[in-house]
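Residues in the sequence shown are numbered consecutively from 485, following my numbering.
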Amino acid sequence: MTARANRHYLHYFDATWRRSATEKSESFSGERPTLQLSHHTCIMVVHKEFSSAGKEQGLKIWRIENMDLKPVPKNLHGSFYTGDAYLLMYTTSAPSYYIHMWLGDECSQDESGACAIFATQLDDFFGGKPVQFREVQNNESITFQGYFKSGIKYQKGGVASGFNHVVTNDANVKRLLHVKGRRTIRATEVDLNWASFNQGDCFIIDLGKNIYLWNGSQCNRFEKVKASQVSIDIRDNERNGRAEVHIVEEGAEPQEVIDVLGPKPAIAPSTPDDDKVETANKKKAALYQISDATGSMKTSCVAQSSPFKQEMLKLEECYIVDNGVDNNVFVWKGPKANDAERKAAMKVAQEFIKEKNYSNKTQIQVLPAGGETTLFKQFFINWKDKDQTTGPTKPYTIGSIAKVEQVPFDASTLHSCQAMAAQHKMVDDGSGKVEIWRVEGGARVPVDASCYGQFYGGDCYIILYTYKQGSREQYLIYTWQGQKSTQDELAASAFLTVQLDDSMGGAPVQVRVTQGQEPPHLMSLFKGKPMIIHLGGTSRTGGQTKAGSTRLFHIRTSTAKATRAVEVTPSACSLNTNDVFVLKTPDSLFVWRGVGASEEEVAAAKHVVSFLGGKPTDVVEGKEPAAFWTALGGKKEYQTSKSLQKTIKPPRLFGCSNKTGRLVVEEVPGDFNQSDLATDDVMLLDTWDQIFLWVGNDANHEEKTGAPKIAKEYVDTDPSGRRGIPITTIKQGAEPPTFTGWFQGWDAHMWHTDPLQKICAKS
């Protein structure tokens, strides 16, 4: 950056900051960010908030308030004011970094400008290594959406209106949220009157102590399930569990709702969704080179259409991949490009969008070399990463950060290992006091300490964790709900959690955990041992079901180094080439290691062996003795996909639905699991070397007949030039292991119980 450019940057930053401080009605109380000038006239801006950024895995969010960064509390993540701008940073366990600017529809130019400046500063602070995203309300990237599995909430107003991010425990809260979406859930605040309602959507009538989920008569069950998750999220996070969720069907409104909204008129019928949704894979793109050789930033076309070759990207240059026809523009920063080109990347992309007359909602991704996203890499026919992964637990990392050692998950070493503390999102090392109760007969029954770490799918548990932060004691309450637990137990677990919280004066933080979605810190409570989840049954004496004479445990370590040992059906088709399995029979004990298994998974198997008892026989995939296959009922096909061993391009899950009146395809954001398979849709699973079409039992005729055409178009229009890969159609309830292997702990009986009934029990 030139001295002239530095002076302009400094002047703009200072003028923006000072104008905000004098023009805002509120007094400015924040500290002015530090601007440091070196003898080379390079600016290094260090905001006080940057010191904590990137230190732990997970998400940090700041709102722009009076041209300064103000952190948003974690329990309010996912709630955005439409009149504001936000800066987000996500840190992976690698670590790698993602920076997002989020701009509300009604945010001011000053706030969006300040957000851009802070994003640039934060990128500079990390040496230009993060991936940057520009997000616009209602058109966020899949990466952004994946951070908020319980949905995104848009609230009216913003800083200028005096709206602050506070925990809304106020019993006088009155608002109406319109919930839309099946894969990406958005809840938008609308006017609190009957005119806002329609029969085809779900609405949340939030009255503080009572939260009413109103379901239109034309809503389908999957939409109701997703909307109920938003209601529960408001109760658990915004109200700290101090509210009740009520499910209300159209025509059965309680008196409190009528009192607030007035006499109920005829409700408007459902309306088709006018949002433009991706109907196939990403369309073709063009490649441009960015240069400042003439004294100003110019772009020149390198290739008119994809697929491109990776060698087209010269390390000394910056490039734009123009996929504007599909509302995406990517900027790739060569590691040897000059500073001016690299620092101007976001600005150049914004100007490029204006020149092309693209929508102002076009998404922008700015990518350093080594930090390319899946959406970017799909435009290249021969893309290869520098350090290809050797298993699903070895995430690819960015640039020089890739040299950071992968630290195994071992909570006992957290105090002495700073690298581990940085790579795992944990309030402490898990060495505090742990108390666990099982929910039984509507009461908390203590679990024997010798059984801590072992959970049964037929039970619900309440875990109280006490730790010290400085001289103060802090508390966490985890409510763990097994997939096989009854509706009574689910309801009782929620009630007992609030009761325990109240008895402690509301001091604890509450975390509700569904089986299979356990956070890393919960894993750390068991002193480095894996979390063991038994198939069905309960931990009480006698149990609901007896343990089988032959038992099989599936051991997998996640990218966050959290290890689970999940009991699965003892059959050869349950095996997976990327993991470790422990097989127990009445007269033998085997530890089976797949060729893609990690050392962490092998170590975890020892703990499973210790509680099962017996002397294990180690078995390597491909060299199994006959007794091993006999114990599993014979040798059968199981998941052996090489893509799972070398996950360069992660699997992607899409839903094919015509619920909006036309057949559309939406990607499931973030990490997907079995519950994301909508039984009233056709789902498309892309594992790169194969396409699966999963047909839900309740999918309609148009979806069943139209989905295969979409799958073919998806492959034929693939920007990377994939051709001729197999497309497999499978039916709900008859899934082969080549499909189920992409979902850990696949439960063949999941849909025997109505998901909506289970959700209602939690409320």
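Using N, Cα and C, we set each Cβ at its ideal position, and we do this for glycine too.
Worksheet item: Are the beta-carbon atoms of Pro852 and Gly612 separated by less than 9 Å?
Response: In the sequence shown, residue 852 corresponds to position 368, counting from 1. In the sequence shown, residue 612 corresponds to position 128, counting from 1. Contact flag set, yes.
Discussion item. Tell me the rounded alpha-carbon separation between Gln621 and Leu587.
Written reply: Within the sequence shown, numbered from 1, the residue matching residue 621 stands at position 137. Within the sequence shown, numbered from 1, the residue matching residue 587 stands at position 103. If you take the alpha carbons of Gln621 and Leu587, they lie about 6 Å apart.
Item to complete: Quick one: measure Cβ to Cβ for Leu1168 and Ala1195, integer angstroms, because I've assumed they're closer than 8 Å.
Response: Sequence index remark: in the sequence shown, residue 1168 carries index 684 (1-based). Sequence index remark: in the sequence shown, residue 1195 carries index 711 (1-based). The pair is a contact, with the Cβ atoms about 6 Å apart (cut-off 8 Å).
Worksheet item: So does the stretch 595–608 actually touch the stretch 621–639, counting three or more Cβ pairs closer than 8 Å?
Response: no
Worksheet item: What residue ranges within the stretch 829–875 form continuous alpha helix (DSSP H) runs of no fewer than 4 residues, ordered along the chain?
Response: 829–839 and 858–861
Worksheet item: How about Glu1151 and Arg667: do their beta carbons lie closer than 9 Å?
Response: One-based indexing of the sequence shown puts residue 1151 at position 667. One-based indexing of the sequence shown puts residue 667 at position 183. Yes; because the gap between Cβ atoms is below 9 Å, this pair is in contact.
Worksheet item: Between Gly684 and Ser1094, what straight-line distance do the alpha-carbon atoms span, to the nearest angstrom?
Response: Locating residue 684 in the sequence shown gives position 200, counting from the first residue. Locating residue 1094 in the sequence shown gives position 610, counting from the first residue. Taking the straight line joining both Cα atoms gives about 54 Å.
Worksheet item: Can you give the Cα-Cα distance for Ala1115 and Gly989, rounded to whole angstroms?
Response: Residue mapping note: residue 1115 aligns to position 631 of the sequence shown, counting from 1. Residue mapping note: residue 989 aligns to position 505 of the sequence shown, counting from 1. Taking the straight line from one Cα to the other gives about 53 Å.
Discussion item. Does the contact criterion of 3 or more C-beta pairs under 8 Å hold for the stretch 949–969 versus the stretch 991–1005?
Written reply: yes
Discussion item. Three or more C-beta pairs under 8 Å: does that hold for the stretch 1210–1225 against the stretch 787–802?
Written reply: no
Worksheet item: In whole angstroms, what is the alpha-carbon distance linking Arg1136 and Val744?
Response: For the purposes of this step, residue 1136 is taken as the residue at position 652 of the sequence shown. For the purposes of this step, residue 744 is taken as the residue at position 260 of the sequence shown. So the alpha carbons of these two residues sit roughly 43 Å apart.
Worksheet item: Quick one: is the Cβ of Tyr959 within less than 8 Å of any heavy atom of the ligand NAD?
Response: Ligands displayed in this structure: none; no statement on the ligand NAD is therefore possible.
Item to complete: Just tell me which of Asp1173, Leu960, Val1148 and Cys1140 has its CA closest to the CA of Asp1165.
Response: Your numbering for residue 1165 matches position 681 in the sequence shown. Asp1165 has its Cα closest to that of Cys1140, out of Asp1173, Leu960, Val1148 and Cys1140.
Discussion item. Quick check: what's the CA-CA separation for Pro444 versus Asp690?
Written reply: Since the first residue shown for the chain is 485 and the last is 1247, residue 444 is missing from the structure and cannot be characterised.
Item to complete: Report buried or exposed for Asp568, applying the criterion of at least 16 other Cβ atoms within 10 angstroms of its Cβ.
Response: Counted from its first residue, the sequence shown places residue 568 at position 84. It counts as buried.
Worksheet item: Applying the criterion that 16 or more other CB atoms from any shown protein chain within 10 Å of the CB defines a buried residue, is Ala829 buried or exposed?
Response: Residue mapping note: residue 829 aligns to position 345 of the sequence shown, counting from 1. Ala829 is buried by the Cβ-count criterion.
Item to complete: Could you name each continuous beta strand (DSSP E) segment of 3 residues or more that falls completely within the stretch 941–971, going from the start of the chain to the end?
Response: 944–953 and 956–965
Worksheet entry | Backbone CA spacing between Asn807 and Ser1033 [nearest angstrom] | As a position in the sequence shown, residue 807 is number 323, starting the count at 1. As a position in the sequence shown, residue 1033 is number 549, starting the count at 1. Their backbone Cα atoms lie some 57 Å apart in a straight line.
Item to complete: Determine the extent of the beta strand (DSSP E) in which Met573 is found, giving its start and end residues.
Response: Residue numbering aside, residue 573 sits at position 89 when the sequence shown is read from its first letter. Here the beta strand (DSSP E) through Met573 covers Ala569 to Thr575.
Worksheet item: Do Ile804 and Tyr772 have their C-beta atoms within less than 9 Å of each other?
Response: For this step, residue 804 is matched to residue 320 along the sequence shown. For this step, residue 772 is matched to residue 288 along the sequence shown. Yes, Cβ-Cβ distance for Ile804 and Tyr772 is below 9 Å.
Fill in: Cα-Cα separation, Ala991 to Val1079
As a first step, residue 991 must be located in the sequence shown, where it is residue number 507. As a first step, residue 1079 must be located in the sequence shown, where it is residue number 595. Straight-line Cα distance between these residues: approximately 47 Å.
Fill in: Span separating the alpha-carbon of Ser1058 from that of Gln1158
Taking the first residue of the sequence shown as 1, we reach residue 1058 at position 574. Taking the first residue of the sequence shown as 1, we reach residue 1158 at position 674. The alpha-carbon atoms of Ser1058 and Gln1158 are separated by roughly 15 Å.
Item to complete: Report back the beta-carbon spacing between Ile946 and Ser969 to the nearest angstrom; my notes put them in contact at under 8 Å.
Response: Taking the sequence shown and counting its residues from 1, one reaches residue 946 at position 462. Taking the sequence shown and counting its residues from 1, one reaches residue 969 at position 485. 12 Å between Cβ atoms; not a contact.
Worksheet item: What is the C-beta distance between Thr566 and Lys640, in whole angstroms, given that I count them as a contact (C-beta under 8 Å)?
Response: For the purposes of this step, residue 566 is taken as residue 82 along the sequence shown, with counting starting at 1. For the purposes of this step, residue 640 is taken as residue 156 along the sequence shown, with counting starting at 1. Confirmed, about 6 Å.
Practice prompt. Assign Asp690 to one of three DSSP states: helix, strand, or coil.
Written response: For this step, residue 690 is matched to residue 206 along the sequence shown. Of the three classes helix, strand and coil, the one that applies to Asp690 here is strand, per DSSP.
Discussion item. Bridge partners for Asn682 per DSSP, in chain order?
Written reply: Translated into positions along the sequence shown, residue 682 becomes position 198. Partner(s): Ala752.
Worksheet item: Which first and last residues belong to the beta strand (DSSP E) in which Ala787 is found?
Response: Here residue 787 refers to the residue found at position 303 of the sequence shown. Lys782 to Ala787 is the extent of the beta strand (DSSP E) around Ala787.
Worksheet item: Do you know how far the Cα of Val1104 is from the Cα of Gly725?
Response: On the sequence shown, residue 725 is found 241 positions in, with the first residue counted as 1. On the sequence shown, residue 1104 is found 620 positions in, with the first residue counted as 1. Their backbone Cα atoms lie some 48 Å apart in a straight line.
Worksheet item: Using the C-alpha atoms, what's the distance from Glu919 back to Ser934?
Response: Within the sequence shown, the letter at position 450 stands for residue 934. Within the sequence shown, the letter at position 435 stands for residue 919. Their Cα atoms are separated by approximately 12 Å.
Worksheet entry | Residue range of the beta strand (DSSP E) that includes Gln616 | Taking the sequence shown and counting its residues from 1, one reaches residue 616 at position 132. Per DSSP, Gln616 belongs to the beta strand (DSSP E) from Val615 to Val620.
Discussion item. Judging by CA-CA distance, which residue of Glu734, Glu733 and Arg659 is the nearest neighbour of Gly718?
Written reply: Residue 718 sits at position 234 when you count from the first residue of the sequence shown. Before going on, a small fix: residue 718 reads as Ile here, not Gly. The shortest Cα separation from Ile718 among Glu734, Glu733 and Arg659 belongs to Arg659.
Worksheet item: Residue ranges of each beta strand (DSSP E) run of no fewer than 3 residues wholly in the stretch 1085–1169, ordered along the chain?
Response: 1101–1104, 1136–1141 and 1148–1151
Practice prompt. Tell me whether His1038 sits in a helix, a strand or coil according to DSSP, three-state version.
Written response: The residue given as residue 1038 occupies position 554 in the sequence shown. It is a strand residue.
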